[in-house]
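Let me begin by presenting the structure, written as structure tokens, before commenting on it.
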Amino acid sequence: MDEWPRRMDRRTAVKLITAAAAAPAVLGACGTGATESAASRSRSGNPLAAGTPSDPNLLEPVVPWDLTLSEDELATLASLCDTIIPADDRSPAASAVGAHEFIDEWVSAPYDAMREDGVLVRGGLVWLDEESERRFGARFRELSGESRTEICDDICYAPDAAPEFQAAARFFDKVRDLTATAFYTTRVGLDDLGYVGNVPLASWDPPPEAALRHAGLKPGD
Amino acid sequence: MSARSDYDVIVVGSGAAGGMSALVLAVHGLKVLMLEAGRNYDPLVETPMFQLPSEAPLRGAGTPEKPFGFYDATVDGGWQVPGEPYASADGAGFMWWRARMLGGRTNHWGRISLRMGEYDFRPYSRDGLGFDWPLTYDDLAPYYDRTEALIGVYGSNEGLENTPSSSPDVLLPPPAPRVHELLTRKTCADQLDIPVIPAHLAILSTRQDAERWPAELFPDNPLARRVVGQSMRSRAACFWATPCGRGCSIRANFQSTTVLLPPALATGNLEVRTDAMVREVTVDSSGRATGVHYVDKTTRLDEHASASVVILAASACESVRILLNSKSGAFPQGLANGSGLVGKYLMDTVGASLGGQIPVLEGMPPHNQDGASAMHLYMPWWLYGQQAAGRLDFARGYHIEFGGGRRMPGPGVFSGLEQFTGGVYGRRFKEAARRYYGSFLYFDGRGEMIPNEDCYCEIDPERVDRWGIPTLKFHWKWSKHELNQARHMQRTFRDIIEAMGGRVMGTVHEDGADSIARPGEIIHEVGGAIMGDDPDRSVLNQYCQSWEVPNLFVTDGAGFVSNADKNPTLSIMAIAWRACDYLMDRMRGGAL
Ligand SMILES: Cc1cc2nc3c(=O)[nH]c(=O)nc-3n(C[C@H](O)[C@H](O)[C@H](O)COP(=O)(O)OP(=O)(O)OC[C@H]3O[C@@H](n4cnc5c(N)ncnc54)[C@H](O)[C@@H]3O)c2cc1C
Ligand code: SF4
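Just so you know, the sequences run in chain order A and B.
Just so we're aligned, residue 2 is where the first sequence starts under the working numbering, counting upward by one.
Just so we're aligned, residue 13 is where the second sequence starts under the working numbering, counting upward by one.
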């Protein structure tokens, strides 16, 4: 583990919005000067992390491995991601937040579980284009929405999939999981779900009455 | 005190036990050297508070090097520490979680801080299994109060059986429960007769009273009052956002690095050496401890430090390892091991879990459910009566921790959703995600394990770590009490989920062996140097002092005689404080 490459790539340049950005509003009210100065120091990043996989710099994350999917694979993958999570009136499609790039990062990672996923995903992409050619004479990404649906309906749920589509159904399920992970962990996905946390509050209050009512509860329950 | 020694006391390890030991001794004027195997670590500048998973590699997912996710405050640790292996005997499957950083595992622990109760100190007297402690609840109660007041714990006093109350004003107010917690409480009360009460967590729900507590904790000690008061004043209250497992840069939750070490250092009486991996305790010809040998990891050279007293607080199994590796002519089986019990009676907590999907929580109006990031309510063990009447097939209790709701989505957020949707994709997937988000709950049982002969660790004759220090090998076997208890947990969770009108996710196993978590997996490993009243049948006395080497103490969980369902860390700190008071008393009397 010690001999791993340290920083091959600085793809994920991250803006620091740690305590430094969000804390002062609350801290100012408590008047803890010591903490504020600590927070401002954190802007300069972490001086101590060794940058190894077991001690990465948490404030300036990097992906220390090479990405492995080809341009061509990424293009097919992006159209599958967008078939799974398309744009609607509330949020954009999955590829708009880089779901296919995230899957590339995932399947390229140097860990057994992700390597296995990589075999499944790359194999599945070959199958998908082949199946598209067979049925419609074109690559998956060139198909109409209707044709895509025709293929995906056969593979979208393993318990119902025909025997000849079982492997493809496992592939589809994996890509759906990873696409959902990619999408719903971004700002766009959080907003789509109505996740309104991760903001500092001056006090913690009981749930709003509408929420209680929704669960069949009343204040005082 | 002795002219030969560089320090009064050496403390090995900087986590819950080491941090507490060092603070108590330093504020009383003793010269303390702390040796910590991990690197220096500063939560004030290193904690990723508000970062989103999307800013991390793999959206923050766990990897073998960061098992609990990228942002988790674990440095050079997890189930493996680079270059520091351990082994498990065939079939034992022990998992050992360690961290190599200042503050140890207190940087990322769950902050659940429950007192052991009256029964928990007398388990053998109650049911004839295991051992009684050499101290009672009443002996420890004042130290529980002090520890809670010092570190800040939210919770409430409910007066339930074997679920002790703190003294008035000691606990901080518990945060208001979230919707899913209220629903669970109502269901458990109306249909199942299971109590659901405020959890106790080491999180500042309000700021500490920095005028009152230092004065009450250290009445005749101006130095202690000054440094502890300063420390309390510099801690902010929780701002109800950001996961505690990443650490807390505003010092609102308990970490040794934000709560114990800063005031200890402010006394000027504590010196901390990080990257110092202790190999063995040295002894003189009279059998007294003289200091420790450690490897300076930055130079890879062996160093020696001497002191009048040595305290091991390296975590239960690491302290055992140091004792077993401290072999000499006078102590051929390892130090303090005349009883042959060092390494014996290891215990973890019994764990089992189950998830459920709760339809009434679907499509909840959006509102903030972050809270203290951890749980606001829990269920203490409630079937003491049934157990006493012999109606259960296991002897000891468990409590239930639960969570879920509209938390910040992380990796795998909608994995398995297809079992509810029949595999939808496209716009319907987005609609399903909005509908189901926040409707999943998870229940975790945390139960008492009874110590047995088959659970122990020893020095592995075949391996050393990268510092040349012989490593540990673990042995394990559950008894029927643990297996049956794990089965009971899962059945209870199913009952709760179904009573809420929910659907169970996963399997409720018929055989407890399939329900139970792996040994070590709950990360409450204690025992290995048990305390007692009889030097032939214990390693330490009730003050964590070695029977054989009177100036050697072990203040971490190694001394635990039983492992009540209450998570151990609060008790570790209370016991360490009590041990240090005794140590100073003996020193003043000239006995050390
Ligand atoms: C994810 C997680 C959640 C948890 N949640 C809870 C909870 O909610 N409630 C609870 O009560 N407990 C919880 N625990 C357990 C809790 O963390 C431990 O009980 C507690 O940290 C033990 O304190 P300690 O001082 O004995 O050991 P540690 O905190 O592990 O500290 C020991 C220190 O000693 C150092 N060390 C080890 N060997 C040597 C050596 N040879 N030389 C020098 N230094 C050495 C280590 O590097 C480490 O820093 C949790 C643990 C984890 C990992
Ligand atoms: S939830 Fe509160 S205590 Fe925990 S890390 Fe966030 S601010 Fe700190």
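Note that the Cβ used here is the ideal one computed from N, Cα and C, for glycine as well.
Could you tell me the boundaries of the beta strand (DSSP E) in which residue i lies?
i	result
B:Tyr19	19–24
B:Pro135	Looking at the DSSP string, B:Pro135 is not in any beta strand (DSSP E); the run it does join, the alpha helix (DSSP H), is 135–139.
B:Glu470	468–476
A:Ser148	Segment 146–156 is the alpha helix (DSSP H) holding A:Ser148; no beta strand (DSSP E) there.
B:Gly95	Premise fails: B:Gly95 is in no beta strand (DSSP E) and is neither H nor E.
B:Arg515	515–517
A:Gly190	Segment 188–194 is the alpha helix (DSSP H) holding A:Gly190; no beta strand (DSSP E) there.
Using the rule of at least 16 other Cβ atoms within 10 Å of the residue's Cβ for burial, across every protein chain shown, is residue i buried or exposed?
i	result
A:Ala211	exposed
A:Ser71	exposed
A:Pro164	exposed
A:Ala114	exposed
A:Asp174	buried
B:His316	exposed
A:Ala40	Annotation note: pLDDT 36 at A:Ala40 (below 50); position unreliable, coordinate value reported separately. Counting Cβ neighbours within 10 Å, A:Ala40 comes out buried, since at least 16 surround it.
A:Leu81	buried
B:Ser100	buried
B:Pro473	exposed
A:Arg44	Low confidence applies here, because A:Arg44 scores a pLDDT of 41, under 50, leaving its location unreliable; read the following figure in that light. With fewer than 16 Cβ atoms within 10 Å of its Cβ, A:Arg44 is classed as exposed.
B:Val93	buried
A:Arg7	With a pLDDT of 30 at A:Arg7, under the threshold of 50, the modelled position of that residue is not reliable, and no figure is offered here.
B:Gln267	buried
A:Gly32	Model confidence at A:Gly32 stands at a pLDDT of 31, short of 50, so the residue's coordinates are unreliable; what they give is reported in the following sentence. When all chains shown are included, A:Gly32 counts as exposed.
B:Arg224	exposed
A:Lys16	The predicted model places A:Lys16 with a pLDDT of 28, which falls under 50 and marks its position as unreliable, so this point remains unresolved.
Closer than 7 Å to a non-hydrogen atom of ligand 1 - does that hold for the CB of residue i?
i	result
A:Ile85	no
B:His536	yes
B:Val551	no
B:Asp568	yes
B:Gly375	no
B:Pro265	Note on residue identity: the sequence assigns Asn, not Pro, to residue 265 of chain B. Checking the Cβ of B:Asn265 against ligand 1 gives no.
B:Met391	no
B:Gly303	no
B:Phe80	yes
B:Leu582	yes
B:Val24	yes
A:Leu49	no
B:Glu330	yes
Could you check whether the Cβ of residue i sits closer than 7 Å to any heavy atom belonging to ligand 2?
i	result
B:Ser385	yes
B:Thr254	yes
B:Phe452	no
B:Phe251	yes
B:Ile7	Residue 7 of chain B cannot be examined here, being either before or after the span of chain B that is shown, 13 to 604.
B:Ile528	no
In terms of residues, what are the limits of the alpha helix (DSSP H) holding residue i?
i	result
B:Ala288	Not the alpha helix (DSSP H): B:Ala288 falls in the beta strand (DSSP E), residues 288–295.
B:Pro482	Per DSSP, B:Pro482 belongs to no alpha helix (DSSP H); it is in the beta strand (DSSP E), 482–487.
A:Arg142	Premise fails: A:Arg142 is in no alpha helix (DSSP H) and is neither H nor E.
B:Gly524	524–527
B:Gln242	234–245
B:Val191	191–199
With hydrogens ignored, establish whether the beta-carbon of residue i is closer than 7 Å to any heavy atom of ligand 4.
i	result
B:Ile124	Ligand 4 is not part of this structure, which contains only ligand 1 and ligand 2.
Check distances from the C-beta atoms of the region 186–197 of chain A to those of chain B and list, in chain order, the residues that come in under 8 Å. Thr186, Thr187, Arg188, Gly190, Leu191, Asp193, Leu194, Gly195, Tyr196, Val197
Which residues of the region 194–220 of chain A have a Cβ closer than 7 Å to any Cβ of chain B? Give them in chain order. Leu194, Gly195, Tyr196, Val197, Gly198, Asn199, Val200, Pro201, Leu202, Trp205, Asp206, Pro207, Pro208, Pro209, Ala211, Ala212, Leu213, His215, Ala216, Gly217, Leu218
Mind checking the region 418–429 of chain B against chain A and listing, in chain order, the residues whose C-beta falls within less than 7 Å of any C-beta there? Arg418, Met420, Pro421, Gly422, Pro423, Gly424, Val425, Phe426, Ser427
Cβ-based contacts, 8 Å cut-off: residues of the region 376–389 of chain B near chain A: Met376, Pro377, Pro378, His379, Asn380, Gln381, Asp382, Gly383, Ala384
Suppose only complete runs of 4+ residues qualify. What are the alpha helix (DSSP H) ranges in the region 27–66 of chain B, listed by chain order? 28–39, 55–58
Got a sec: which bits of the region 432–447 of chain B sit with their beta carbon under 9 Å from any beta carbon on chain A, in order along the chain? Thr433, Gly434, Gly435, Val436, Tyr437, Gly438, Arg439, Phe441, Lys442, Glu443, Ala445, Arg446
So within the region 253–322 of chain B, which uninterrupted alpha helix (DSSP H) runs reach at least 4 residues, ignoring any that extend past its ends? 273–278
Please give the ranges of any alpha helix (DSSP H) in the region 389–462 of chain B, keeping only runs that are unbroken, at least 4 residues long and fully inside the region. 396–400, 430–433, 439–448
Near-chain A residues of the region 52–64 of chain B (beta-carbon distance less than 8 Å), N- to C-terminal order: Asn52, Tyr53, Asp54, Leu56, Val57, Glu58, Thr59, Pro60, Met61, Phe62, Gln63, Leu64
Please identify, using Cβ separations under 7 Å, the residues of the region 359–374 of chain B that lie next to chain A, in order along the chain. Val372, Leu373
Where in the region 546–586 of chain B do unbroken runs of the beta strand (DSSP E), each at least 3 residues long, occur, reported from the N-terminal end onward? 564–566
Beta carbons nearer than 9 Å to chain A: which residues of the region 223–239 of chain B have them? none
Could you run through the region 201–225 of chain B and flag, in chain order, every residue whose CB is less than 9 Å away from some CB of chain A? Ser217, Arg219
Quick one: which residues of the region 99–119 of chain A get their C-beta closer than 7 Å to a C-beta of chain B? List them in chain order. Phe103, Glu106, Trp107, Ala110, Tyr112
Any chance you could list the alpha helix (DSSP H) runs of at least 4 consecutive residues sitting entirely within the region 123–168 of chain B, in chain order? 135–139, 149–163
Using Cβ-Cβ distances below 7 Å, what residues of the region 64–76 of chain B are close to chain A? Leu64, Pro65, Ser66, Glu67, Ala68, Pro69, Leu70, Arg71, Thr75, Pro76
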